[in-house]
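Here it is, written out as structure tokens:
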């Protein structure tokens with residue numbers, strides 16, 4: 185088991201990475217000081233792993249209750265957060281309770297947000313069960329839900345007390361979910377870690393084949409990158425943390441336009457990253473060869489790289505305008521100065537952005 | 185104009201108390217650094233004061249939008265918070281916007297909670313328009329909404345950037361609302377300020393007659409008490425801040441049982457405070473004469489002091505069990521060691537509490 189630390193003063197917490205952590209009491213007990221524990225999971229994950237977590241906690245004489253939600257991004261809304269509150273109140277959970285998120289990014293984001301708001305704040309522990317959640321969403325305290333008019337528009341910064349990354353649970357992940365996680369792994373290479381990017385290019389086939397050793401390495405390096413960024417800019421007060429959103433403004437527009445849950449978040453981010461690379465090329469930052477490297481790696485990871493043809497450039501722009509990075513009415517995007525160096529910019533002609541939005545199958549393909 | 189300060193390090197903020205503050209730009213401008221301002225109000229207050237605030241802000245070239253809710257505690261729920269988010273998104277409000285709460289406690293609590301959660305946090309300014317909100321709920325950062333199973337169960341700690349207590353707006357307050365505010369004023373005397381309690385007993389008739397000089401004094405002393413407590417225990421991490429909840433556990437049960445909005449919060453708290461005094465007497469802390477003083481002052485302030493006969497002791501206990509002060513399954517109540525000295529206790533026989541809950545019209549009346 186490896187242990188990384190997210191350094192946030194009194195809100196610091198460990199990330200444990202290893203096999204079969206769900207039954208290791210020392211990953212839970214020091215961090216769950218409450219008596220009442222509510223495990224929040226979904227209908228896909230609960231049959232697979234709920235019992236394991238439940239037994240570990242029951243053996244420590246916690247009072248353990250569960251709340252199982254339907255599986256999917258389309259349920260990441262305020263109504264389903266209210267459902268968590270109802271269960272907590274029906275079970276008479278007090279302010280000294282804790283929530284345990286057992287699931288992917290949706291379960292983690294919702295459980296964290298519920299923990300932030302229940303009785304004005306109770307603690308929570310993350311057990312991410314998808315690759316995407318393990319390398320990204322479970323670390324850093326961004327929690328929340330979608331609004332019909334925009335993704336992740338409602339939420340809170342709420343740090344977990346610990347994150348348990350159990351690599352054994354990835355065996356049950358389907359191919360699309362697994363590839364979606366690789367998108368966020370690749371992101372760290374693109375925004376701030378060129379050696380990692382090169383390592384990924386070398387090992388992408390092994391990663392796609394779910395080689396356990398490579399996977400542990402990829403997860404640890406991703407989490408370390410995430411932890412470093414979060415420690416330096418917890419509340420996204422400057423642009424540092426915003427760099428983690430490479431491809432996300434494009435991606436969120438795809439997710440919102442297609443209906444939440446149709447494209448997986450990681451799939452939309454993958455295509456969004458290629459769009460960001462395409463725009464970075466049009467603006468003179470990247471070479472054609474750079475864009476091609478990005479595309480090749482994403483394709484090798486079995487990720488989509490062509491935005492849906494049903495989304496017009498106008499719709500894209502409309503949906504991108506509600507992005508959280510918009511400042512003083514001006515759209516700001518994460519772009520690539522070079523591979524491994526991202527930056528936030530509002531300084532681009534809308535006409536150039538429109539070219540990227542209209543590129544369709546030419547996006548990346550033109551560079552072959 | 186008087187200025188008090190809530191001392192919370194980088195979250196410190198001023199409380200301005202005076203007449204006709206709504207048109208004083210210096211109360212707004214230094215605290216609203218955003219360009220986009222959303223004024224949240226209700227259908228009772230908006231026709232009276234919205235235009236005044238709007239003009240003050242428009243003259244400073246802010247972009248000003250409004251969101252008007254129905255008036256009443258029964259609308260303080262998650263659905264109506266979602267309504268605020270919808271307006272914010274429809275108007276394309278970004279993360280650098282600010283919300284202005286113009287209304288009573290319900291508007292303030294909801295606007296603050298919306299500000300805490302919109303895009304994971306934007307700033308907000310409080311303009312309380314009821315006496316209760318001016319002396320209590322607008323100061324201290326407790327925000328949130330009710331759940332059908334419990335009052336204020338969902339929320340966040342979110343400090344405003346400034347609080348504008350305009351005493352001129354109290355002229356339009358109806359008698360019940362005004363008396364409800366006096367309940368919270370009296371609370372400060374009971375929990376921590378005996379000289380203020382004596383002052384209130386002397387001046388209660390003048391206060392009921394809305395004497396402007398007495399009122400300004402009562403508000404300032406209440407806000408100072410609130411600011412002192414909040415500065416010492418912002419997140420209710422120890423029992424100090426909990427003392428502000430004298431009468432509230434009983435009161436919340438009344439509000440929940442009767443249906444939100446039937447009893448005003450201050451009315452329920454008034455009756456709840458007499459119940460707390462009654463229990464404190466049964467436990468040997470207060471004398472009969474003390475309880476009588478409490479009752480006389482509440483009655484002089486035109487406040488109800490008899491709990492609804494429709495709420496059985498069992499229902500009371502049931503509803504009190506979901507209180508946020510419950511710790512490790514044990515009900516904790518704010519009691520009075522003496523007049524002017526409150527404390528939190530879990531150390532009382534349930535049978536004695538049951539006597540208080542069953543006392544009905546004998547509550548306080550027995551001591552006449």
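Residue numbers (our numbering), protein chains in the order written: chain A, 185 to 552; chain B, 185 to 552. Virtual Cβ for every residue (Gly too), placed ideally from N, Cα, C.
Same chain only: Cβ atoms within 6 angstroms of residue i, ignoring 5 sequence neighbours per side
i, result
"residue 191/B", "415"
"residue 238/B", "248"
"residue 474/A", "523"
"residue 203/B", "351 and 352"
"residue 435/B", "452, 453 and 456"
"residue 290/B", "257 and 260"
"residue 230/B", "252"
"residue 521/A", "469 and 527"
Chain-ordered neighbours of residue i on chain E, where CB pairs are closer than 8 angstroms
i, result
"residue 302/B", "The structure shown contains no chain E; its protein chains are A and B."
Contact set for residue i: own chain, Cβ-Cβ below 8 angstroms, skip 5 residues either direction
i, result
"residue 512/B", "none"
"residue 429/A", "509 and 518"
"residue 424/B", "413, 416 and 417"
"residue 213/B", "244"
Inter-residue CB distance, residue i and residue j (contact presumed, cutoff 8 angstroms)
i, j, result
"residue 306/B", "residue 279/B", "6 angstroms"
"residue 313/B", "residue 353/B", "5 angstroms"
"residue 367/A", "residue 199/A", "Incorrect: roughly 20 angstroms between the Cβ atoms, too far for contact."
Close beta carbons around residue i, own chain, < 7 angstroms, minus the five adjacent residues each side
i, result
"residue 378/A", "523 and 524"
"residue 254/B", "226 and 227"
"residue 300/B", "327, 340 and 342"
"residue 542/B", "497"
Opening and closing residue of the alpha helix (DSSP H) in which residue i lies
i, result
"residue 408/B", "396-416"
"residue 423/B", "423-426"
"residue 538/B", "534-542"
"residue 277/A", "It is not in any alpha helix (DSSP H) - residue 277/A carries neither H nor E in the DSSP assignment."
"residue 375/B", "359-376"
"residue 472/B", "472-484"
"residue 293/B", "289-301"
"residue 462/A", "449-466"
"residue 239/B", "235-242"
"residue 223/A", "Element bounds for residue 223/A: not the alpha helix (DSSP H) but the beta strand (DSSP E), 220-226."
"residue 435/A", "432-442"
Contact under 8 angstroms by Cβ, residue i with residue j
i, j, result
"residue 460/B", "residue 399/B", "no"
"residue 258/A", "residue 431/A", "no"
"residue 265/A", "residue 302/B", "no"
"residue 207/B", "residue 240/B", "yes"
"residue 201/B", "residue 189/B", "no"
"residue 488/B", "residue 442/B", "no"
"residue 419/A", "residue 402/A", "no"
"residue 315/A", "residue 357/A", "yes"
"residue 232/A", "residue 250/A", "no"
"residue 361/A", "residue 448/A", "yes"
"residue 388/B", "residue 317/B", "no"
"residue 452/A", "residue 528/A", "no"
"residue 324/A", "residue 440/A", "no"
"residue 294/A", "residue 260/A", "yes"
"residue 346/B", "residue 197/B", "yes"
"residue 455/B", "residue 495/B", "no"
"residue 536/A", "residue 467/A", "yes"
"residue 224/A", "residue 262/A", "no"
"residue 384/B", "residue 369/B", "yes"
"residue 375/B", "residue 282/B", "no"
"residue 450/B", "residue 365/B", "yes"
"residue 437/B", "residue 500/B", "yes"
Run of the beta strand (DSSP E) containing residue i, from where it starts to where it stops
i, result
"residue 204/A", "Element bounds for residue 204/A: n/a, residue is neither H nor E."
"residue 307/A", "307-312"
"residue 519/B", "517-522"
"residue 248/B", "247-253"
"residue 350/A", "347-350"
Beta carbons nearer than 7 angstroms to chain B: which residues of the stretch 208-226 of chain A have them? So the close ones are 219.
Note down, in chain order, all residues in the stretch 494-513 of chain B with a beta-carbon under 9 angstroms from any beta-carbon belonging to chain A. Along the stretch 494-513 of chain B, going in chain order, the ones with a CB nearer than 9 angstroms to a CB of chain A are 505, 506, 507, 508, 509, 510, 511, 512 and 513.
_So if I threshold CB-CB distances at 9 angstroms, which residues from the stretch 341-357 of chain B count as touching chain A?_
Listed in sequence order: 341.
query: Going along the chain, which residues of the stretch 242-260 of chain A sit with their C-beta nearer than 7 angstroms to a C-beta in chain B?
result: Answer set for the stretch 242-260 of chain A: empty.
Please list, in chain order, the residues of the stretch 407-438 of chain A that have any C-beta partner in chain B closer than 9 angstroms. Within the stretch 407-438 of chain A, the residues whose Cβ lies closer than 9 angstroms to any Cβ of chain B are, in chain order, 419 and 420.
* **Interface residues of the stretch 449-463 of chain A facing chain B [CB-CB below 9 angstroms]** => Listed by position along the chain: nothing, the set is empty.
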